Amino acid sequence: MSGILVFGNGWIGNKFIERYPEKARLSMVFIEKPQDLADVLDNEEPDAVLNCAGLTGTPNVDWCETHQLETAMANTWLPIMMANECAKRGIHFTHLSSGCQFYGESPDPRGWLETDFPNPAAYYSKTKAATDFVLGDLDNVAIIRLRLPVDPTPGPKNSITKLVSYPKVIDVSNSLTVIEDLLEVMDKVIEKRAQGIFHAVNPQPLVYRDLMKWYEEIVDPNHTNEWINEEELVGGGLTAKKRSTNILQNTRLPEIGILMRPTEEAVKDLLKKYAEKLNKVQQ
Ligand SMILES: NC(=O)c1ccc[n+]([C@@H]2O[C@H](COP(=O)([O-])OP(=O)(O)OC[C@H]3O[C@@H](n4cnc5c(N)ncnc54)[C@H](OP(=O)(O)O)[C@@H]3O)[C@@H](O)[C@H]2O)c1
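Using numbering that gives the first Met the number 0, the letters of the sequence shown correspond one by one to residues 0 to 282.
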């Protein structure tokens with residue numbers, strides 16, 4: 000056999016399979032030890048492996064603070080083992096990581112670069128940063144960092160659904176990843192057998208006030224929220240740990256000819272589809 004073998008029967012793994020059914024297939028095996036993975040790779044003989052498996056915490060990343068070893072095994076041990084088993088077989092390995100390992104102001108005012116050293120605060124972010132640190136230099140390994148994923152389908156993992164459900168929203172700008180663009184990035188990175196760390200974020204940061212304005216124009220004119228600052232988020236008891244608010248620069252994808260749509264265009268397009276899906280659900 001050939002093609003792309005995807006691990007992680009979750010939100011993004013399934014979206015990739017739905018988008019590329021001819022070339023990608025999902026492994027349903029839960030990996031507990033290296034032999035599980037070796038067996039799957041020897042049976043399936045893929046050309047490339049895409050790791051969308053991991054632990055993001057339920058209902059949110061605060062869960063990882065109280066389940067640290069489980070989080071480390073899924074987010075650090077598992078991808079390192081995958082890279083090792085893929086390397087033994089000459090299989091290209093792509094791993095999904097997160098941009099939330101950077102906190103606050105970046106050394107370059109335009110945002111954090113793929114090569115910048117991370118400063119994670121939350122335990123989830125530490126497990127993602129640790130993996131990137133050791134896998135980022137390996138041949139035949141690509142790491143794709145996403146940030147604040149947004150999608151046309153309303154749902155609990157969709158950052159649009161999350162943000163509009165909060166009565167109080169922090170008044171910041173953040174990099175974001177439109178999932179429709181991310182799926183194409185993943186496919187092209189694999190096709191090019193790219194190496195190293197990539198920031199898969201749409202080029203301009205999303206100003207939350209713009210998002211809410213577009214949401215009210217396109218999806219729900221009755222939507223309202225209160226604006227708060229970052230200190231009020233933790234100080235007011237709304238989250239256990241400070242959330243990563245950051246701007247990432249997407250510099251390495253364009254270098255290899257992979258472009259994501261301008262943020263405003265991609266988000267407004269997504270909100271139109273989001274409104275249609277929401278109307279269908281409500282009818
Ligand atoms: N969603 C986000 O907001 C976001 C943002 C930035 C980065 N990411 C990264 O993107 C990746 C995918 O995220 P997602 O939102 O699609 O996560 P998800 O919906 O939680 O899916 C992850 C899947 O991985 C599976 N898994 C965990 N350990 C496994 C193992 N040992 N063997 C096989 N499967 C295993 C989980 O299975 P169980 O359900 O059985 O545990 C789950 O089905 C993660 O690495 C995440 O860190 C996500």
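Glycine included, C-beta positions come from ideal geometry on N, C-alpha and C. Note that the coordinates shown come from a computational prediction; the quantities given were computed from them, not determined experimentally.
Sub-8 Å separation of residue i and residue j beta-carbons
i	j	result
Tyr102	Glu64	no
Met80	Pro33	yes
Asp46	Gly12	no
Asn306	Leu54	With the chain running from 0 to 282 in the structure shown, residue 306 is simply not present.
Gln194	Thr262	no
Phe354	Leu182	Residue 354 is absent from the structure shown; the chain starts at 0 and stops at 282.
Thr176	Leu147	yes
Val188	Ile257	yes
Leu112	Gln248	yes
Val266	Trp213	yes
Exposure label - residue i; buried when at least 16 CB within 10 Å
i	result
His222	exposed
Lys271	exposed
Asn228	exposed
Gly154	exposed
Asn42	exposed
Phe29	exposed
Range covered by the beta strand (DSSP E) that runs through residue i
i	result
Lys167	167–169
Arg251	Careful: Arg251 lies outside any beta strand (DSSP E), inside the alpha helix (DSSP H) at 251–254.
Ile227	225–227
Gly195	195–198
Distance cut-off 7 Å: residue i Cβ against heavy atoms of ligand 1
i	result
Ala37	no
Ser97	yes
Asn118	no
Trp62	no
Ile169	no
Run of the alpha helix (DSSP H) containing residue i, from where it starts to where it stops
i	result
Ala52	Ala52 -> no alpha helix (DSSP H), and no H or E assigned at all.
Ala37	33–43
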